[in-house]
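Asker: Sequential numbering of the sequence shown, starting at 953, is according to the working numbering. Every residue, glycine too, gets a C-beta built ideally from N, C-alpha and C. All figures in this text were calculated on a predicted structure; none of them were measured in a lab. Quick one: this structure, given as structure tokens, is what I'll be asking you about.
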Amino acid sequence: MRKLIILGTIILPIFLASCGSEQENNNLTAELDEFKVLNTTVEETEGDFIYRIVTEKEEYRKNETVNIYSELEYIGDKEEVTIFHAASPFNFPMFEKTRGFEIGYPMEEPLIRTTLKKGQPIREEYRRSGGYGSQDESDYVDFMKSFIKDGFLPGYYVVNGYVDFYVENNDNSRKDYMIKGKIDFKVIENK
């Protein structure tokens, strides 16, 4: 009888945890169904530049690589132009809507120059990043730890991408550019 009680004490919490986990997955699936993916590709033109942001699919499976990239193309009258920017002109901050969590995209800020040749876009792939602090809620910290270590968790993601750079004019003035584009996608549980 004692062995049965001990066995029940061990098995019951495992059973309850698996039921809770299954219920959470069902809730998340129902929440994800409420969101509709609107844009997997966006192209914006400002002045002599085209900015593109792309995710390759509307829906990814958990543990699948999420492919996101941005491009910047010069289309002006010159053969080439030099732009000035931080560590990269590309930024990929995003928001996971089912949980209400922001995923930042920290950027080092040295002044770097890049030469763009007319009609030859430069491209950068998204690299998973983000962080958390001691003041953040435990749910957010747990989410970010898992995101950084394991990748995208099931959810609905909106990427508020942009390029941020400037060009020097002939009269030593400068023209600032911040071209934005928004894409979205879902990550679902493996079935």
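What residue range is occupied by the uninterrupted beta strand (DSSP E) comprising VAL1110?
Answerer: Locating residue 1110 in the sequence shown gives position 158, counting from the first residue. Taken as a continuous stretch (DSSP letters only), the beta strand (DSSP E) holding VAL1110 covers 1107-1120.
Asker: Grab the span of the beta strand (DSSP E) containing SER1022 for me, first residue to last.
Answerer: Counting from 1 along the sequence shown, the entry for residue 1022 is found at position 70. Run containing SER1022: 1020-1026, per the beta strand (DSSP E) assignment.
Asker: Quick one, which of GLY1107, GLU1077 and VAL989 has its alpha-carbon nearest GLY1052's?
Answerer: Your numbering for residue 1052 matches position 100 in the sequence shown. Nearest of GLY1107, GLU1077 and VAL989 to GLY1052, Cα basis: GLY1107.
Asker: Can you tell me which of ASN1112, TYR1118 and GLU1077 puts its alpha carbon nearest to the alpha carbon of THR1017?
Answerer: Taking the sequence shown and counting its residues from 1, the one referred to as residue 1017 is at position 65. Considering only alpha carbons, the answer is GLU1077.
Asker: Using the Cα positions of GLU983 and ASP1123, report the straight-line distance between them to the nearest angstrom.
Answerer: Along the sequence shown, read from residue 1 onward, the residue named residue 983 stands at position 31. Along the sequence shown, read from residue 1 onward, the residue named residue 1123 stands at position 171. Roughly 54 Å between the two C-alpha positions.
Asker: DSSP three-state call for LEU984: helix, strand or coil?
Answerer: Position 32 of the sequence shown, counted from the first residue, corresponds to residue 984. Helix, per DSSP.
Asker: Please confirm whether GLY1082 and MET1096 have their CB atoms less than 7 Å apart.
Answerer: Here residue 1082 corresponds to residue number 130 of the sequence shown, with the count starting at 1. Here residue 1096 corresponds to residue number 144 of the sequence shown, with the count starting at 1. In contact: GLY1082 and MET1096 (Cβ atoms closer than 7 Å).
Asker: Specify, as a first and last residue, the run of the beta strand (DSSP E) that TYR1129 falls within.
Answerer: Within the sequence shown, the letter at position 177 stands for residue 1129. Looking at the DSSP string, the run of the beta strand (DSSP E) that includes TYR1129 is 1126-1140.
Asker: Can you give me the C-alpha to C-alpha distance between ASP1128 and ASN1142, rounded to a whole angstrom?
Answerer: In the sequence shown, residue 1128 corresponds to position 176, counting from 1. In the sequence shown, residue 1142 corresponds to position 190, counting from 1. Roughly 44 Å separates the two Cα atoms.
Asker: I'd like the span of the alpha helix (DSSP H) that includes TYR1092, first residue to last.
Answerer: Here residue 1092 refers to the residue found at position 140 when the sequence shown is read from its first residue. Unbroken alpha helix (DSSP H) run through TYR1092: 1090-1102.
Asker: Would PRO1062 and PHE1117 qualify as a contact pair, given that the criterion is a beta-carbon distance under 7 Å?
Answerer: The residue you call residue 1062 lines up with position 110 of the sequence shown. The residue you call residue 1117 lines up with position 165 of the sequence shown. No, Cβ-Cβ distance for PRO1062 and PHE1117 is not below 7 Å.
Asker: Relative to the ligand PLP, is the shortest distance from any of its heavy atoms to the C-beta of ASP1123 smaller than 6 Å?
Answerer: This structure lacks the ligand PLP; in fact it carries no ligand of any kind.
Asker: Tell me which residue opens and which closes the beta strand (DSSP E) that TYR1012 is part of.
Answerer: The count along the sequence shown starts at 1 and reaches residue 1012 at position 60. Run containing TYR1012: 1011-1013, per the beta strand (DSSP E) assignment.
Asker: Can you give the Cα-Cα distance for ALA1039 and GLU1023, rounded to whole angstroms?
Answerer: In the sequence shown, residue 1039 corresponds to position 87, counting from 1. In the sequence shown, residue 1023 corresponds to position 71, counting from 1. Going by the C-alpha atoms only, they are around 15 Å apart.
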